[in-house]
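Here is the structure we will look at.
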Amino acid sequence: MTGADRQWAAQYEPGDIVRYTRGSKAVRIDAGEYVRVAAVDREKNLLTVERAGGQQITYNPERLHGVSVFREGEREFSVGDRVQFTAPYRDEHIANRQLGTFQQIDPEGNFRIQTDSGRAVQFNVREHPHLDYGYAVTSHSSQGATADRVLIHVDTEQAHEQLVNSRLAYVSVSRARHDAQIYTNDAGKLGDELSRDVSKQSAMEAAHQMPGEDHGHTVEHAEHQSASESHSHVQEEGHSTSR
């Protein structure tokens, strides 16, 4: 969710996991606490959440800031699996979308992960449950990373024009050292989609454009929206290192 989305109860669904970075004395929520969305009142813009002990709290989400929203899912990890962190882990100085490899896992949920930056971190999954498979990442998340071979998946029908464009083509292909392959639903349409320019036009450029001149169409909004990134993925093969 964007910051604006998090202020509207209609954007939430029962079962969503909410984490409060700052906390709130008025709502009686502690900093770093996790709760689960129990009910949504779209008309009154009210959110009812349930704490770990079963206590329910109802509040207007417009009044709280420093909120992150997650969807819970199951993952089965084994030693040797590639993994990515899906939220910052400040205690261990881990950035969002940092990649690593499982070195050790025990039945109590204790992990040892060797990050691609060369550090080994140890923690329990209850301390930081924000993990996902690291074999495929979004093109936005792959910036700054390199791999020997890259497999790029581009769906021309489902992805938004702000995501499938010349910027995606450059970032995705340039991640590869030796080989890059693109997989798509429509090879004939792919060239036009990846040729789309998303450069922003500045006010100065617009002012210098003379009446009657046609400099082509410019897409004004090129911000990455993480919620929509999933339609275009870069899959790595082999070991990836962060610069």
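All residue numbers for the sequence shown refer to the working numbering, where the first residue is 217 and numbers rise by one. The beta carbon of each residue, even a glycine, is placed where N, CA and C say it ideally should be. Every value quoted in this text rests on a predicted model; they were computed, and no experiment measured them.
Asked	Found
Curious, which full-length alpha helix (DSSP H) runs of at least 4 residues does the segment 327 to 414 contain?	382 to 389 and 403 to 410
With 16 as the cutoff for other CB atoms within 10 Å, does Ala336 come out buried or exposed?	exposed
Check the DSSP bridge columns for Ser284 and list the partner residues they point to.	Arg235
My output table needs one value for Gln272: the three-state DSSP class, helix, strand or coil.	strand
Look up Asp257 in the DSSP assignment and give the residues it is bridged to.	Leu262
Is it the case that the Cβ atoms of Asp297 and Leu315 are separated by a distance below 7 Å?	no
To the nearest angstrom, report how far apart Ala268 and Pro345 are at their CA atoms.	15 Å
How far does the beta strand (DSSP E) with Ile245 in it reach, from first residue to last?	It is not in any beta strand (DSSP E) - Ile245 carries neither H nor E in the DSSP assignment.
Under 7 Å, do Arg252 and Ala226 count as touching if we go by C-beta distance?	no
On a CA-only basis, which of Arg383, Asp307, Phe293 and Asp348 is nearest Ile321? Give me that one, please.	Phe293
For Ala385, does the count of other Cβ atoms within 10 angstroms reach 16, so buried, or fall short, so exposed?	buried
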